[in-house]
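Working notes for the structure below.
Number of protein chains: 2
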Amino acid sequence: MKEVRVFAPATVANVAVGFDILGFAINRPGDEIVARLNPDITGLKIVAITGTGDKILPTEVLENTAGVAAYTLLKHLGKEDLGIELEVHKKMPFGSGLGSSAASAAGAVVAVNELLGAPLSRESLLYFSVLGEEVADGSFHADNVAPSLVGGITLIRSNESLDIHHLPVPQNLQVAVVHPDIEILTRDARAVLSDTISLKKAIRQTGSLASFITALYTNDLPLLGRSLEDHIVEPQRKQLIKGFDDVKKAALECGALGCSISGAGPSVFALCDSGYLAQAAGQGMQEAFALHGVNSQLYVSPINQDGVVIL
Amino acid sequence: MKEVRVFAPATVANVAVGFDILGFAINRPGDEIVARLNPDITGLKIVAITGTGDKILPTEVLENTAGVAAYTLLKHLGKEDLGIELEVHKKMPFGSGLGSSAASAAGAVVAVNELLGAPLSRESLLYFSVLGEEVADGSFHADNVAPSLVGGITLIRSNESLDIHHLPVPQNLQVAVVHPDIEILTRDARAVLSDTISLKKAIRQTGSLASFITALYTNDLPLLGRSLEDHIVEPQRKQLIKGFDDVKKAALECGALGCSISGAGPSVFALCDSGYLAQAAGQGMQEAFALHGVNSQLYVSPINQDGVVIL
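Top line first, the protein sequences correspond to chains A and B. Residue 1 is where the first sequence starts when you use the UniProt record's numbering, and the numbers rise one by one after that. Residue 1 is where the second sequence starts when you use the UniProt record's numbering, and the numbers rise one by one after that.
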């Protein structure tokens, strides 16, 4: 039976300066999704979910992130009755702030699209994968899904219209991501955020955002470092991440350009201007977590430029 | 006696998406400043101020924007006792939202620096001209001074550290600026602004800011148009500008990419992708003001790339 297996990369959203509008992909970890034609069944069926540890993901298509993403794509193509088996192999932790559900949704649409002979372009798959992630997250937003799907650093001007832009990736930019063994639910991470921000902080934040974008276009890593400041979300969310201040300090002392919370946390990322520095910063961050009694996993990677790949 | 005469251009600050962090220069209007060596006097003296209509500007050096800018530069150079006459010829209205005091400050430092044989670079004059504008405005901010001094579109990452960046100017970009005969004091324009903004609006605004910067780097004028949205300041300040909604509507109906308030107002600017469209949009805006019984002046110009020029 014809099948397609894909890898969908983890992603770092928010990126200190771009709450809900910026994200980038990393090489590892990520999810594997398999889509397989099965003429003996009718419609889409989730036949396997692995790697969820002691958590349980729904196998009902319309309750599952990958399922919804794949189903809405099939429905759009008028193929919702085609017999397709879907396997979801989670190879990254849930609730890590690394876009776990987004990766499953992005992987599912690419696998199914490829299985059907790739009728849609990669970009036009975005809508369906965002619908999929909405099941897990409760809101329609593309800051994890877009970079997982297409790779690179992506800007979402508008989630409503999915006005998405690919930003340039400076040479030498490397990422250290540390995932501590701390659990934060996305809804708790949202709950600690105030509904309002001061105009003064907004001005500082927008200055840093604009210069971050400028730094990407001009390959100016020192400017990128000066720009990686979060005056709004990080101060509110760091309380949920034991040892965060020391972890960030360690990253900067190891030469990172900047360090902040990945997505809703608890993962913490540092951007660096070499793989060597990213490794050093990552180890420094792990040691700082360890001093607070927190175990962690380290991933060092360039910015992933590929997005979902067919294996 | 040796003298230097300069022209300092008007500027549009905020630019819809970059409150307190973005500004650009236009070719007209602007101020002329003359600095002249006079060995018969000691220190800096303001000997003429023209073009102020029925307003009076202080002739006391340390109370005058141009005076403070020039004096602090001279003091920095150890030349504060040198006999220098300063003339300030205002060729643009006060309180117009076109950076009138910033132009005087920028012009004064360039004129004095040139008179002394240009010991400082254009960029290092910025600090002194911002100090000058602070006298008029009460706050240390560079969003008008920087583009008047160096031209182009400028980004201020941080006013504290004067971390200023030159942004690229898309080909064909043209500006229509309409100055209506309405008086708004900068402090009133500040007073109508709420100290806080909603996180939701901040997210929309930052998406538009980031895509505006992206549009400048990619020469993508349709994206620039989609990005020219002010969800925060314009809705609060437009009440001070009689007829604003109709004026904006007229600009967009005439094909402008976007339209918003220049600085603290009352001037309104529209960005367009040709001089022809800018002229049409400008006339449409003037007609809309006229229907509200408001007279106005129109300036059509490309983005001024020169900043202060020596005449």
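The C-beta atom is built at its ideal place from N, Cα and C for all residues, glycine as well. The model shown is predicted, which means the values in this text are computed figures rather than measured ones.
Apart from the five residues on each side of it in sequence, which residues of its chain come closer than 7 Å, Cβ to Cβ, to residue i?
i	result
alanine 136 of chain B	Thr65 and Ser101
alanine 105 of chain A	Thr65, Ala66, Ala69, Ser129, Gly132, Glu133 and Val145
tyrosine 217 of chain B	Pro168
valine 112 of chain B	Ala35, Ala70, Leu73, Leu74 and Ile84
isoleucine 310 of chain B	Val4, Val6 and Glu114
phenylalanine 140 of chain B	Val130, Glu134 and Asn159
threonine 42 of chain A	Asp81 and Gly83
glycine 117 of chain B	none
Quick check on the DSSP output: the beta strand (DSSP E) that includes residue i runs from which residue to which?
i	result
threonine 11 of chain A	3–13
histidine 179 of chain A	174–180
leucine 37 of chain B	22–37
threonine 196 of chain B	196–198
phenylalanine 140 of chain A	Neither: phenylalanine 140 of chain A is in no beta strand (DSSP E) and is coded neither H nor E.
histidine 76 of chain B	Unbroken run through histidine 76 of chain B is the alpha helix (DSSP H), 65–76; no beta strand (DSSP E).
leucine 298 of chain B	296–302
leucine 86 of chain B	84–89
Give the range of the alpha helix (DSSP H) segment to which residue i is assigned.
i	result
leucine 162 of chain A	Element bounds for leucine 162 of chain A: n/a, residue is neither H nor E.
isoleucine 41 of chain B	Where isoleucine 41 of chain B is concerned, there is no enclosing alpha helix (DSSP H), given that its DSSP letter is neither H nor E.
serine 267 of chain A	Counting along the chain, serine 267 of chain A falls outside any alpha helix (DSSP H), and DSSP gives it neither H nor E.
serine 260 of chain A	Serine 260 of chain A -> not in any alpha helix (DSSP H); beta strand (DSSP E) instead, spanning 258–261.
lysine 248 of chain B	244–253
arginine 122 of chain A	No alpha helix (DSSP H) contains arginine 122 of chain A, which DSSP labels as neither H nor E.
glycine 284 of chain A	275–291
alanine 105 of chain B	100–115
alanine 146 of chain B	145–150
leucine 193 of chain B	No alpha helix (DSSP H) holds leucine 193 of chain B; DSSP gives it neither H nor E.
serine 227 of chain B	221–227
glutamate 234 of chain A	234–237
Can you have a look at residue i and say buried or exposed, based on whether 16 or more other CB atoms are within 10 angstroms of its CB?
i	result
glutamine 239 of chain A	exposed
alanine 191 of chain A	exposed
lysine 90 of chain B	buried
arginine 157 of chain B	buried
methionine 1 of chain A	exposed
proline 180 of chain B	buried
aspartate 195 of chain B	exposed
serine 211 of chain A	buried
tyrosine 71 of chain A	buried
isoleucine 21 of chain B	buried
leucine 228 of chain B	buried
threonine 52 of chain A	exposed
lysine 55 of chain A	exposed
aspartate 306 of chain B	exposed
alanine 16 of chain B	buried
threonine 50 of chain B	exposed
Quick one: which chain B residues come within Cβ less than 8 Å of residue i?
i	result
threonine 196 of chain A	Thr196, Ile197, Ser198 and Leu199
Who are the Cβ neighbours of residue i in its own chain at under 6 Å, not counting the five residues just before and after it?
i	result
leucine 298 of chain B	Val178, Gly282 and Gln286
histidine 231 of chain A	Lys201, Arg204 and Gln205
alanine 13 of chain A	Gly23, Asp143, Asn144 and Gly263
glycine 225 of chain B	Leu257 and Gly258
proline 29 of chain A	Ala10, Lys91 and Met92
residue 367 of chain A	The question about residue 367 of chain A has no answer here: the residues shown for chain A are numbered 1 through 311.
alanine 176 of chain A	Ala270, Ala278, Ala281, Gly282 and Val300
alanine 8 of chain A	Gly30, Asp31, Ala103, Ala106, Gly107, Ser148 and Val308
proline 58 of chain A	Asn64
By the criterion of Cβ-Cβ separation under 7 Å, what are the contact partners of residue i in chain B?
i	result
isoleucine 203 of chain A	Phe19, Asp20 and Ile21
residue 315 of chain A	What the structure shows of chain A is the stretch from 1 to 311, and residue 315 of chain A is not part of that stretch, so it cannot be assessed.
Residues of chain A with CB closer than 7 Å to the CB of residue i, please, in chain order.
i	result
tyrosine 217 of chain B	Tyr217
histidine 231 of chain B	What histidine 231 of chain B touches in chain A: nothing, since even the nearest Cβ is about 11 Å away.
Once the 5 residues before and after residue i are set aside, which same chain residues still bring their CB inside 8 Å of it?
i	result
aspartate 188 of chain B	Leu240
asparagine 172 of chain A	Leu221, Asp273 and Ser274
asparagine 295 of chain B	Pro180, Asp181 and Phe289
isoleucine 184 of chain A	Gly95, Gly97, Leu240, Ile241, Ala264, Gly265 and Pro266
valine 109 of chain A	Ala69, Ala70, Leu73, Leu125, Phe128, Ser129, Gly132 and Leu149
Which residues of chain A have a Cβ atom closer than 8 Å to the Cβ of residue i, listed in chain order?
i	result
isoleucine 156 of chain B	Gly207
Throw me the rounded Cβ distance for the residue i and residue j pair, which I believe falls under 8 Å.
i	j	result
asparagine 27 of chain A	serine 301 of chain A	4 Å
leucine 74 of chain A	leucine 44 of chain A	6 Å
alanine 25 of chain A	glycine 107 of chain A	In fact, because the Cβ distance is near 12 Å, the residues do not count as touching under 8 Å.
aspartate 31 of chain A	valine 88 of chain A	7 Å
glutamate 253 of chain A	glycine 284 of chain A	7 Å
leucine 82 of chain A	tyrosine 127 of chain A	At roughly 20 Å, the Cβ-Cβ gap does not stay under 8 Å, so leucine 82 of chain A and tyrosine 127 of chain A are not in contact.
histidine 165 of chain A	glycine 243 of chain A	About 35 Å; that fails the 8 Å criterion.
leucine 199 of chain B	leucine 193 of chain A	7 Å
For a contact meaning CB atoms closer than 9 Å, what does residue i contact in chain B?
i	result
arginine 226 of chain A	Arg157, Ser158, Ser161 and Asp163
leucine 193 of chain A	Leu199
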